[in-house]
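**Q** Numbering (full-length UniProt numbering), first residue to last: 1 to 206.
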């Protein structure tokens, strides 16, 4: 009997990234909707994620938190979905997934909070400057159709989600390369299913 896969999330969170990834795998999973400041901070959930944040997954006895880690774990655990990288794709796959989890996330968050790295302190910041990050990201989605090469992988779920969210909230510039890339990946059936599920969950919560 296969291990049960439980997904802890909230439709108004980064859990949307993990939802999309789960839908791409096609494997059955159980959803637990968590509340901000409520069930997320309860002892039962803190035993899953001490940060008291979503998303998280429990797969049998294995717990995984952090969106990038969840995407990578699901891609490798369910290889039949074809979301894990081949040997030729592995370098770009991990490079841009970790770039998004590190420099891009930090730069976008700082911009949203109104913080700009002083030019004379850019070397202290892991991402340098916001412009550096935007230029690197543009190159990542322009060199090949997908970030790891010529086919869609789990890295596109993660990178693409950040680009879509960033452009919708104004923390990322709406560059043509970003719009073109997002158009390619957001037409996928799994993306549409995941979005519909979370949009319905938002309505139910309200």
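C-beta: ideal position from N, C-alpha, C; glycine also. Source: prediction; values computed, not measured.
Pull up the DSSP beta-bridge partners for residue 32, would you.
**A** Position 32 of the chain shown, counted from the first residue, corresponds to residue 32. Residue 32 pairs with 8.
**Q** Report yes if the CB atom of residue 6 is closer than 9 Å to the CB atom of residue 41, and no otherwise.
**A** On the chain shown, position 6 is the one that residue 6 refers to. On the chain shown, position 41 is the one that residue 41 refers to. Cβ atoms of residue 6 and residue 41: not closer than 9 Å.
**Q** Closest to residue 147 by CA distance: which of 184, 122, 73, 11 is it?
**A** In the chain shown, residue 147 corresponds to position 147, counting from 1. Of the candidates 184, 122, 73, 11, the one whose C-alpha sits nearest the C-alpha of residue 147 is 184.
**Q** Per the DSSP calculation, residue 149 is bridged to which residue(s)?
**A** The sequence position of residue 149 within the chain shown is 149, counting from 1. Answer is 146.
**Q** Would you call residue 199 buried or exposed, if buried means 16 or more other Cβ atoms sit within 10 Å of its Cβ?
**A** Residue mapping note: residue 199 aligns to position 199 of the chain shown, counting from 1. Its Cβ having fewer than 16 others within 10 Å, residue 199 is exposed.
**Q** Just list the alpha helix (DSSP H) runs in the UniProt domain "GST C-terminal" (86-206), keeping only unbroken ones of 4 residues or longer that don't cross its boundaries, in chain order.
**A** Within the UniProt domain "GST C-terminal" (86-206), the complete alpha helix (DSSP H) runs of at least 4 residues are 90-99, 105-112, 130-142, 154-169, 176-185, 189-205.
**Q** Mind checking residue 213: buried by the 16 CB within 10 Å criterion, or exposed?
**A** The chain is shown only over 1 to 206; residue 213 falls outside these bounds and no answer can be derived.
**Q** Specify, as a first and last residue, the run of the beta strand (DSSP E) that residue 62 falls within.
**A** If you number the chain shown from 1, residue 62 lands on position 62. 62-65 is the extent of the beta strand (DSSP E) around residue 62.
**Q** What is the residue span of the alpha helix (DSSP H) that residue 18 lies within?
**A** Residue mapping note: residue 18 aligns to position 18 of the chain shown, counting from 1. Run containing residue 18: 15-25, per the alpha helix (DSSP H) assignment.
**Q** Tell me whether residue 25 is buried or exposed, calling it buried when 16 or more other Cβ atoms sit within 10 Å of its Cβ.
**A** Taking the first residue of the chain shown as 1, we reach residue 25 at position 25. That one is buried.
**Q** Give me the Cα-Cα distance between residue 187 and residue 179, rounded to the nearest whole angstrom.
**A** Mapped onto the chain shown, residue 187 falls at position 187. Mapped onto the chain shown, residue 179 falls at position 179. So the two alpha carbons sit approximately 12 Å from each other.
**Q** Please report the distance separating the alpha-carbon of residue 119 from that of residue 125.
**A** The residue you call residue 119 lines up with position 119 of the chain shown. The residue you call residue 125 lines up with position 125 of the chain shown. Looking at the two C-alpha atoms, the distance is approximately 10 Å.
**Q** Is the stretch 82-90 touching the stretch 103-122 in the sense that three or more CB pairs, one from each, lie closer than 8 Å?
**A** In short, these stretches do not touch, since the Cβ pair count stays below three.
**Q** Below 9 Å between beta carbons: does that hold for residue 207 and residue 75?
**A** Because the chain in this structure spans residues 1 to 206, residue 207 falls outside the shown range and cannot be described.
**Q** Between residue 68 and residue 100, is the Cβ-Cβ spacing less than 9 Å?
**A** As a position in the chain shown, residue 68 is number 68, starting the count at 1. As a position in the chain shown, residue 100 is number 100, starting the count at 1. Yes, the Cβ-Cβ distance between residue 68 and residue 100 is below 9 Å.
**Q** Taking only the alpha-carbon atoms, compute the straight-line gap between residue 197 and residue 165 and give it to the nearest angstrom.
**A** Stepping through the chain shown from its first residue, residue 197 is reached at position 197. Stepping through the chain shown from its first residue, residue 165 is reached at position 165. So the alpha carbons of these two residues sit roughly 17 Å apart.
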